[in-house]
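Colleague: Let me begin by handing over the structure; questions about it come next.
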Amino acid sequence: MNALMHQLNPQDRFRRDRFSKLESASALFKLGMTPSEFAKRLNGVNCQRINQELARRDWLYPDAPGSWRVHSWAMGRYLTERHHNIVRSSGLVVVRCTPVLLEKGAAVIYKLYLANGLPMKQSWNGQFTQNGDLQGAA
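Here's what the structure looks like:
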């Protein structure tokens, strides 16, 4: 396999590496995941700060304490929302929204991850994935 990689010209090698990175990102992504659930699958990412990072990048904005909403420009492009009805003891129904990651959003977050553009844990060991098979692709 390595002999084949050396025979390819640099442009073809770049295309193959890029394809394998996107392939590894799709292996980590499951439909219906929140950004923090996706970040938990990425080695070293501080999943408690991922929503703040997405808010800094203008994908999300805070709605209520501990709750996030998706900006209109990112809705349907990178993220969507799941709505929950919460019935209070007074009978009042409150609607809460949970951001849900779309495949294109997961690919962008994975690219940011590979470029060290996400908040990382201080105890991060410098390896990009927990899975050894995916480490070669990254």
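The sequence shown runs 0 to 137 under numbering that gives the first Met the number 0. No residue lacks a Cβ here, since even glycine has one placed at the ideal position from N, Cα and C. Just so we're clear, the structure is a prediction, and the values are computed from it rather than from any experiment.
#1: Using CA coordinates, which residue listed in L53, T33, L30, K29 is at the minimum distance from G116?
#2: Kindly identify the DSSP beta-bridge partner or partners of C96.
#3: Could you tell me the alpha carbon to alpha carbon distance between S71 and T33, rounded to whole angstroms?
#4: Hey, could you find the ends of the alpha helix (DSSP H) P34 is sitting in?
#5: For R68, which three-state DSSP category applies?
#6: Alpha carbon to alpha carbon, how far is P98 from E36? Give it in angstroms, no decimals.
Modeller: Per the coordinate set shown:
#1: Position 117 of the sequence shown, counted from the start, is the residue given in the question as residue 116. Out of L53, T33, L30, K29, L53 has the C-alpha closest to the C-alpha of G116.
#2: The residue you call residue 96 lines up with position 97 of the sequence shown. Partner(s): H82.
#3: Position 72 of the sequence shown, counted from the start, is the residue given in the question as residue 71. Position 34 of the sequence shown, counted from the start, is the residue given in the question as residue 33. Spanning the two alpha carbons is a distance of roughly 17 Å.
#4: On the sequence shown, residue 34 is found 35 positions in, with the first residue counted as 1. Here the alpha helix (DSSP H) through P34 covers 34-39.
#5: On the sequence shown, position 69 is the one that residue 68 refers to. Here DSSP, grouped into helix, strand and coil, assigns R68 to strand.
#6: Counted from its first residue, the sequence shown places residue 36 at position 37. Counted from its first residue, the sequence shown places residue 98 at position 99. For E36 and P98, the gap between their C-alpha atoms comes out near 11 Å.
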